[in-house]
Amino acid sequence: MAHLGSRSFNGRRRALSVPVGLALTASLAFLPAVAASAAPLGSTADAATASKADTTGPKLSYVANLTAYGTVKQAKKAIERAGGTVVKAHDQIGVVVAHSQNPDFAKQLRAQRSLFVSVGATRTAPLQTVQTTEEGTTQRLSAADATEAAAEAAPGQEPLEANQWDLRSIKADQAHKINDGSRNVTVGVIDTGVDDTHPDLAGNFSKSQSANCVGGVADTSEGAWRPYADGSDHGTHVAGTIAAPRNGVGISGVAPGVQISAIKVSEPATSLFYTEAVVCGFMFAAEKGIEVTNNSYYVDPWYFNCKSDDDQKALVEALSRASKYAERKGVLHVAAAGNENYDLSADSITDDTSPNDTTPVPRTIDPRVCLDVPTQLPGVVTVTATGDKGFKSYYSSFGLGVADVSAPGGDKWQVPATPDANGRVLSTIPGGYGYKQGTSMATPHVAGVAALLKSAHPSATPSQLQSMLKGQATKTACPTQVYDAAGVLIDATTCESKWGQTGYYGYGVVDALKAVKK
């Protein structure tokens, strides 16, 4: 995963599956409650109280999660009294996004227990702080490789398809002879933005289902969903793997007949993915009729969010509510497991990267209670990565009972017999094509297969689609050996097998051909 919260190996990224958050009804029809202060919104008393709030701290963004008895109107009053301003209120799930410079803002709201379940800052750095992204440089397709691939292309193949070992490894090329997928199905790419002007994406791009959610409010103005001019190509790469059309140009996606949309959630300059943006992304997907979302990132600034911490607990709560709301509206979420080679089913993990927007403080966490989100949220499909030889990619995180399925993500030590002899995944980037590797690249393969399944079974619910994904996957046993980061074959002692699953591959490697056979 890329940084951004993404998961291409040129950067850092990951995913999860545990029950989190308050059980809510589909509409969250909150019952009336009596607020601590009875002064009406906008009253002189409110204004006077707000004017006395401390504003000497850094300006931060917060999520405030209501109780089942709290109302958004009451929340707005409480936020203003504490010196905050409301940015967005998601009435359907009882989540309010706010900004404040009051150092005690969250503490003051948490004290109102009849109104708020949890309140937390979504970051540790002030708003608009600039930081260098962790994502590395994409390896661009050279003219020589493009020429060689085109010369090797078989009749009916796209010009660069000879280099797409990843399509063949999940039989997507065979699936396309039966069904390319339906244009009634849209996969939302929640990422760094997508270049919809790319000639190998434009034909399948849905502008009406695209937006910029940075900051927590959806902006649907023309082009708002595109990458920043000096930003990451990550989302565009992911989009091509999912649904680049068979149009005689460049590559083919796993589901070349479905539509793709872009939901940009990465901050400018930093490419960090904050909670308020991802909550907006899930809610936008739910309201716009998107069937599948691709989540090749983790939510910053915490690699793992511990429910023992007041701020992190609130982030998990808000994201869980938004994710479950979207699922109830028919959206299946697919997410990357991460590139740190973590065993997400282990008793403990050393996290030395959090928070990543200021100064990381190393800590030992239990991944069963400190969650990598969105991948460990309930109902989310967690994806690990493989290389051309079928081994788990050396960087891919894993975990028995956490990993659901696996897919090609690339591995520089597992080099296929393709014209480029690369080992990474080739896809679209602004202005051309390029190679990346990571669980960020594995995830869109699964999202594409899920789109093919939805095309074949249009009435299937997200939970049914998830069951189908697991059922059609090719069962893959633990290998005896696996490559390490240095390219040395070592004993695969970390792979466990139980309950018809393995820690490396979950229920197996997805199979696009099985997905289109009803």
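In case it helps, mature numbering (1 follows the signal peptide of the UniProt record, and there is no 0) puts the sequence shown at residues -35 to -1, 1 to 483. Glycine is no exception: its CB is placed at the ideal position from the N, C-alpha and C atoms. Note that the coordinates shown come from a computational prediction; the quantities given were computed from them, not determined experimentally.
Check for me: the beta strand (DSSP E) holding ASP456 runs from which residue to which?
The residue given as residue 456 occupies position 491 in the sequence shown. Here the beta strand (DSSP E) through ASP456 covers 454 to 456.
What span of residues does the alpha helix (DSSP H) with PRO427 cover, start to end?
Working through the sequence shown from its first residue, we reach residue 427 at position 462. PRO427 -> alpha helix (DSSP H) spans 427 to 437.
Do the region 183 to 192 and the region 147 to 161 meet, that is, are 3 or more Cβ pairs less than 8 Å apart?
yes
Does LEU365 pass the burial test, meaning 16 or more other C-beta atoms within 10 Å, or should it be called exposed?
For the purposes of this step, residue 365 is taken as the residue at position 400 of the sequence shown. By the neighbour-count rule (16 or more Cβ atoms within 10 Å), LEU365 is buried.
Between the alpha carbons of VAL179 and GLY246, how many angstroms are there, rounded?
Within the sequence shown, residue 179 is the residue found at index 214, counting from 1. Within the sequence shown, residue 246 is the residue found at index 281, counting from 1. Rounded to the nearest angstrom, the two C-alpha atoms are 9 Å apart.
What span of residues does the alpha helix (DSSP H) with ILE255 cover, start to end?
Mapped onto the sequence shown, residue 255 falls at position 290. Run containing ILE255: none; DSSP gives neither H nor E here.
Apart from the five residues on each side of it in sequence, which residues of its chain come closer than 7 Å, Cβ to Cβ, to ALA412?
The residue you call residue 412 lines up with position 447 of the sequence shown. VAL152, ILE207, VAL257, ASN259, VAL299.
Quick check on the DSSP output: what are the complete beta strand (DSSP E) runs of length 3 or more inside the region 309 to 351, in order along the chain?
314 to 316, 328 to 330, 346 to 351
Do you know whose CA, among LEU237, ALA108, SER217, lies nearest THR157's CA?
As a position in the sequence shown, residue 157 is number 192, starting the count at 1. Taking only the C-alpha atoms, the option nearest THR157 is LEU237.
Name the two residues that bound the continuous alpha helix (DSSP H) containing LYS42.
Residue 42 sits at position 77 when you count from the first residue of the sequence shown. Per DSSP, LYS42 belongs to the alpha helix (DSSP H) from 37 to 46.
Those runs of the beta strand (DSSP E) which lie wholly inside the region 347 to 413 and span at least 3 residues
370 to 373, 390 to 394, 397 to 401
Are the beta-carbon atoms of ILE228 and PHE249 separated by less than 9 Å?
The sequence position of residue 228 within the sequence shown is 263, counting from 1. The sequence position of residue 249 within the sequence shown is 284, counting from 1. Result yes, Cβ atoms of ILE228 and PHE249 sit closer than 9 Å.
Among GLY146, PHE356, GLN277, VAL453, nearest to LEU418 - alpha-carbon criterion:
In the sequence shown, the residue the question calls residue 418 occupies position 453. For the residues GLY146, PHE356, GLN277, VAL453, the minimum Cα distance to LEU418 belongs to GLY146.
Unbroken beta strand (DSSP E) runs of length 3 or more, entirely within the region 91 to 176: which are they?
151 to 156
Under the assumption that ALA372 contacts THR351 (Cβ atoms under 8 Å), give the Cβ distance between them as a whole number of angstroms.
One-based indexing of the sequence shown puts residue 372 at position 407. One-based indexing of the sequence shown puts residue 351 at position 386. Contact flag correct, Cβ pair sits at about 7 Å.
Would you verify that the beta carbon of ASN270 is, or is not, closer than 9 Å to some beta carbon of chain D?
Among the chains in the structure shown there is no chain D, since it carries only a single protein chain.
Compute the Euclidean distance between the alpha carbons of VAL243 and LYS463, then round it to the nearest angstrom.
Residue mapping note: residue 243 aligns to position 278 of the sequence shown, counting from 1. Residue mapping note: residue 463 aligns to position 498 of the sequence shown, counting from 1. VAL243 and LYS463: Cα-Cα distance of roughly 33 Å.
Runs of 3 residues minimum, wholly inside the region 201 to 273: which ones carry the beta strand (DSSP E) assignment?
224 to 229, 257 to 260
Can you have a look at VAL346 and say buried or exposed, based on whether 16 or more other CB atoms are within 10 angstroms of its CB?
Against the sequence shown, residue 346 aligns to sequence position 381. Buried, because 16 or more other Cβ atoms sit within 10 Å of the Cβ of VAL346.
Minimum C-alpha distance to PRO320 - residue among PRO266, LEU478, ALA287, GLY295
Position 355 of the sequence shown holds residue 320. The candidate whose alpha carbon is nearest that of PRO320 is PRO266.
So CYS443 and THR467 are in contact, right, with Cβ under 8 Å, and what is the actual spacing, rounded?
Numbered from 1 along the sequence shown, position 478 holds the residue referred to as residue 443. Numbered from 1 along the sequence shown, position 502 holds the residue referred to as residue 467. Confirmed, Cβ separation roughly 5 Å.
Looking at ILE135 and VAL414, is the spacing between their C-beta atoms short of 9 Å?
One-based indexing of the sequence shown puts residue 414 at position 449. One-based indexing of the sequence shown puts residue 135 at position 170. For VAL414 and ILE135, yes; Cβs fall inside 9 Å.
Give the straight-line distance between the Cα atoms of GLN174 and VAL264, rounded to the nearest whole angstrom.
The residue labelled residue 174 in the question sits at position 209 within the sequence shown. The residue labelled residue 264 in the question sits at position 299 within the sequence shown. Spanning the two alpha carbons is a distance of roughly 22 Å.
From the DSSP output, in three-state form, read off SER26 for me.
Within the sequence shown, residue 26 is the residue found at index 61, counting from 1. Of the three classes helix, strand and coil, the one that applies to SER26 here is strand, per DSSP.
Let's see if you can read the secondary structure: which residues bound the alpha helix (DSSP H) around VAL281?
Counting from 1 along the sequence shown, the entry for residue 281 is found at position 316. Residues 275 to 293.
Are VAL348 and ALA301 touching if we call contact CB-CB under 9 Å?
If you number the sequence shown from 1, residue 348 lands on position 383. If you number the sequence shown from 1, residue 301 lands on position 336. Contact: yes.
Verify whether the separation of the beta carbon atoms of ALA18 and ALA43 is less than 9 Å.
Taking the first residue of the sequence shown as 1, we reach residue 18 at position 53. Taking the first residue of the sequence shown as 1, we reach residue 43 at position 78. Contact: no.
Cα-Cα separation, VAL481 to GLN437:
Along the sequence shown, one-based indexing puts residue 481 at 516. Along the sequence shown, one-based indexing puts residue 437 at 472. Whole-angstrom Cα-Cα distance: 10 Å.
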